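Step one of this worksheet: look at the structure below.
There are 2 protein chains.
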Amino acid sequence: MPSLAQSGTGNPKKVAGLKEIAAEAGVSIRTAARALNGQGYVGAQTRKRIEHAAAKLGYSPNRIARSLRTQKSYEIAIAAWSTDELHIAKIAGFEQAMRRARYAVTILMGQQPDTEAAGREVLETLLEHRPAGVAAFPLPGATMTATVERLAAAGIPYVIFDSRGEGVDSARLDRAQGVYEAVLYLAAKGHQRIAYLGTRDEPSRLDGYLRAFSHLARKPCYMEVTPGTQPGGGGLDSYETGRAAAWTFAEMAERPDAVQAYSDEMALGFLAGLHELGFQVPKDVAVVGFDDRRAASLSWPRLTTVAQPSHELGVAAAEILLRKIAGEPEPPSGWSRTLPTRLMVRESA
Amino acid sequence: MPSLAQSGTGNPKKVAGLKEIAAEAGVSIRTAARALNGQGYVGAQTRKRIEHAAAKLGYSPNRIARSLRTQKSYEIAIAAWSTDELHIAKIAGFEQAMRRARYAVTILMGQQPDTEAAGREVLETLLEHRPAGVAAFPLPGATMTATVERLAAAGIPYVIFDSRGEGVDSARLDRAQGVYEAVLYLAAKGHQRIAYLGTRDEPSRLDGYLRAFSHLARKPCYMEVTPGTQPGGGGLDSYETGRAAAWTFAEMAERPDAVQAYSDEMALGFLAGLHELGFQVPKDVAVVGFDDRRAASLSWPRLTTVAQPSHELGVAAAEILLRKIAGEPEPPSGWSRTLPTRLMVRESA
DNA sequence: TTGTAAGCGTTATCAC
DNA sequence: GTGATAACGCTTACAA
Chain A
1 MPSLAQSGTG NPKKVAGLKE IAAEAGVSIR TAARALNGQG YVGAQTRKRI
51 EHAAAKLGYS PNRIARSLRT QKSYEIAIAA WSTDELHIAK IAGFEQAMRR
101 ARYAVTILMG QQPDTEAAGR EVLETLLEHR PAGVAAFPLP GATMTATVER
151 LAAAGIPYVI FDSRGEGVDS ARLDRAQGVY EAVLYLAAKG HQRIAYLGTR
201 DEPSRLDGYL RAFSHLARKP CYMEVTPGTQ PGGGGLDSYE TGRAAAWTFA
251 EMAERPDAVQ AYSDEMALGF LAGLHELGFQ VPKDVAVVGF DDRRAASLSW
301 PRLTTVAQPS HELGVAAAEI LLRKIAGEPE PPSGWSRTLP TRLMVRESA
Chain B
1001 MPSLAQSGTG NPKKVAGLKE IAAEAGVSIR TAARALNGQG YVGAQTRKRI
1051 EHAAAKLGYS PNRIARSLRT QKSYEIAIAA WSTDELHIAK IAGFEQAMRR
1101 ARYAVTILMG QQPDTEAAGR EVLETLLEHR PAGVAAFPLP GATMTATVER
1151 LAAAGIPYVI FDSRGEGVDS ARLDRAQGVY EAVLYLAAKG HQRIAYLGTR
1201 DEPSRLDGYL RAFSHLARKP CYMEVTPGTQ PGGGGLDSYE TGRAAAWTFA
1251 EMAERPDAVQ AYSDEMALGF LAGLHELGFQ VPKDVAVVGF DDRRAASLSW
1301 PRLTTVAQPS HELGVAAAEI LLRKIAGEPE PPSGWSRTLP TRLMVRESA
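Rendered as structure tokens:
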């Protein structure tokens, strides 16, 4: 029990409800509701009285009761699993779009569940809140099909952020196109030996790189592959990998004059290694990153990089989910959408 | 109306409730509830039957109905106003702690309300959701007293993240101490002329700087002040300010051999300017930042900086709010807590 | 140990 | 136009 003269502690004041308003205005609850929701016929006089009473008593509709009665939820749950700035930027776009549509967004940040079972349990907890829809980021290494099927079974609309899964409704990012354009940009600036710094097993970015070369009708002459880093791996690992790559670079017989890196972190690490070895960027070698993290604008030199349209991607995801919630039929092309990246030209290339 | 054979679109399946479980197990609703909530006496046999039925039908309690009945909310609203990584890190700690306590956290990211009225409106929208508590970040330039008073009037417990307001319950950060320790560290490394790079009007960090000097019994010999940047200002502005400061530095008759910067962004900009002018860090001048942003680990050289205990601060804020919600009496020392920073030593100093 | 009845604040259904 | 009345799924109080 809260103590007596405690201020702001533990006991929310009772907020005036329809009942109080109705009593104050001398009408029935139903009439008050009609006037305040503006949906039925109410006499002008009566309406005035009711609105006055509502203002006086500070009426605010109880969304909980409304939800219970209408069996509709005004909440969206989103499983972020991470606080990476790229995720957050997408969430921000998503949240704004959702708020515009009068939904509240509940976020689960916590740490990534390591086991499938743990992830499942988290999902069940989310579902307890009866969200109107669920948005989730892909768990690294997991096709999201299990999650998606669970959601489908519960009849809850979902959308996945930037999933690479096939049958999964998602707002996606065209990574290949981004790298393609970046390489073409480097070529247009006269670079002859454009290397790709990253792993062989990351498909999309490497695809874009190769596509650019087939377009340029050159052979992808210089290509550095640095194993030991998973694509989804921690940013700091990528930094170290990039840094180590500078020594490899230094020892090459024919050095590249430009490098497209897998990520900003890797590019930034490469930059650091280059500086340590006395190379100048972009004079000796141009460097392009991928992601356009904040750090890409705070480095020396500032990093030219392929920017993710994170905000727009979040908005697109929200639109998909909103449409599904509204019960619109799936468009012939499917729900998923793919968004273009854009090249941010700064000093490093 | 949703169309017929639509999968996963718009119409959540009816979830088995207490009524269904009770029917399946052949008991009353009340008994089923007791068994499932594990709070009353239920015969072992009956309990088995009920649990079996619940598992079979996939029971999950309806938190909305529960909220309505108990007049208790299991939601916390948080006004972030921003997606800055420092905010997000605090929110992450907060969210995890809240989830452990079985609360869901609803976040408002959007953009900062420019007018007081806009902020007020946002607050009212938050309140419609009847949160059990509210957490908010301070709006730059605004004492949060108006917000706090509104919340107090509604009887909703609150906590503010890292507020500098006097009577405001908050989990705070000891910035002065952080700078104090950093300067002492620089002095211990033998630096003679330790400058502070920032504005005169930011009190806490500058205080720490001055305190360190009075402790060292030296006069704060070199002190660069760069106006034109507000403390709360955008990170990129800070970068440019820091960069410009490198030229000032170069022209000084007696140059500092170490610089404590206002923020990581400013330090990183300073680093960039220094590199452009051919200075070496830390050989020619050591640089210390403040915040320990991600970018501080991705720069060259990597930035020594004062780290904010963001996660812990979020957890501390959650603890304060949880205590207030539980109706605990305010401790004699007040609800607010102040957390220490820690120096992250990397290559720049 | 178990069952019955009432009610949280709202909206839906039907009379008047 | 307006007003009773029931219901959403759950918990509390009390009776059996």
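Protein chains in written order, with our numbering: chain A, 1 to 349; chain B, 1001 to 1349.
By construction, the Cβ of each residue, glycine as well, lies at the ideal position given by its N, Cα and C atoms.
Since the structure is predicted, the reported quantities are computational estimates derived from the model, not experimental observations.
- Here the C-alpha atom of A:E121 lies approximately 13 Å from the C-alpha atom of B:G1058.
- Residues of the stretch 1041-1066 of chain B with a C-beta atom less than 7 Å from some C-beta of chain A are S1060, P1061, N1062, R1063, I1064 and A1065, listed in chain order.
- For the stretch 253-286 of chain A, residues whose beta-carbon sits nearer than 9 Å to a beta-carbon of chain B comprise D264, E265, L268, G269, L271, A272, G273, L274, H275 and E276.
- No residue range can be given for B:F1137, since it is assigned to no beta strand (DSSP E) and is classified by DSSP as neither H nor E.
- For A:V105, the C-beta contacts it makes with chain B under 9 Å involve T1106, I1107, L1108 and M1109, in order along the chain.
- Annotation: B:W1247 has no Cβ neighbours in chain A at a cutoff of 8 Å; minimum Cβ distance is about 15 Å.
- Collapsing the DSSP output to three states places B:M1266 in a helix.
- Per DSSP, the unbroken beta strand (DSSP E) holding A:R172 starts and ends at S170 to L173.
- The stretch 98-114 of chain A makes no contact with the stretch 1034-1053 of chain B, as fewer than three CB pairs between them are under 8 Å.
- Take the alpha-carbon of A:H311 and the one of A:A171: they are about 11 Å apart.
- Looking at the DSSP output, A:I78 bridges to A:I107 and A:A135.
- When CB distances to chain B are screened at a threshold of 9 Å, the residues of the stretch 153-184 of chain A falling below it are A153, A154, G155, I156, P157, Y158 and D169, in chain order.
- Shown in chain order are the members of the stretch 1294-1305 of chain B whose Cβ falls below 7 Å from a Cβ of chain A: R1294, A1295, S1297, L1298, S1299 and W1300.
- Straight-line measurement puts the Cα of B:A1080 at about 6 Å from the Cα of B:A1136.
- Boundaries of the alpha helix (DSSP H) harbouring B:Y1209: P1203 to L1216, taken from the DSSP string.
- Taking the CA atoms as reference points, B:L1151 sits about 7 Å from B:Y1158.
- The beta-carbon of B:T1070 is placed no less than 8 Å from the nearest beta-carbon of chain A.
- Not flagged as an interface residue toward chain A: B:Q1039, since no C-beta distance is shorter than 8 Å.
- A contact is defined here as three or more CB-CB pairs under 8 Å, and the stretch 121-130 of chain A meets this definition with respect to the stretch 67-82 of chain A.
- For A:G314, the enclosing alpha helix (DSSP H) has its first and last residue at S310 to I325.
- Beta-bridge partners of B:T1305 (DSSP): B:G1289 and B:M1344.
- Sorting A:S214, A:Y74, A:H275 and A:T143 by C-alpha distance to the C-alpha of A:F249 places A:H275 at the top.
- Scanning A:L123, A:I78, A:L86 and A:G93 for the CA closest to the CA of A:M109 turns up A:I78.
- One finds nothing in chain A with a Cβ atom closer than 7 Å to the Cβ of B:T1241; even the nearest lies about 13 Å away.
- Put simply, the CB of A:P138 is far from chain B, with every gap to its CB atoms at 8 Å or more.
- For B:G1314, the number of other beta carbons within 10 angstroms of its own is at least 16, and it is reported as buried.
- With 16 or more other CB atoms across the displayed protein chains lying within 10 angstroms of its CB, A:M266 is buried.
- Annotation: A:K14 to B:E1149 spans about 17 Å, alpha carbon to alpha carbon.
- Among the residues facing chain A, B:I1320 is not included, as its CB has no counterpart in that chain under 8 Å away.
- Residue burial annotation: A:S73 is buried, with at least 16 other C-beta atoms found within 10 angstroms of its C-beta.
- Per DSSP, reduced to three states, the secondary structure at A:R193 is coil, with no helix or strand assignment.
- A contact between stretches requires three or more CB pairs, one per stretch, nearer than 8 Å, and the stretch 251-270 of chain A fails this requirement with the stretch 333-347 of chain A.
- Proximity of chain B to A:T143 at the Cβ level (cut-off 7 Å) is not reached, the minimal Cβ distance being about 17 Å.
- Counting only unbroken stretches of 3 or more residues, the beta strand (DSSP E) elements lying wholly within the stretch 17-103 of chain A are 75-79, in sequence order.
- Rounded to the nearest whole angstrom, the C-alpha separation of A:A295 and B:P1256 is 26 Å.
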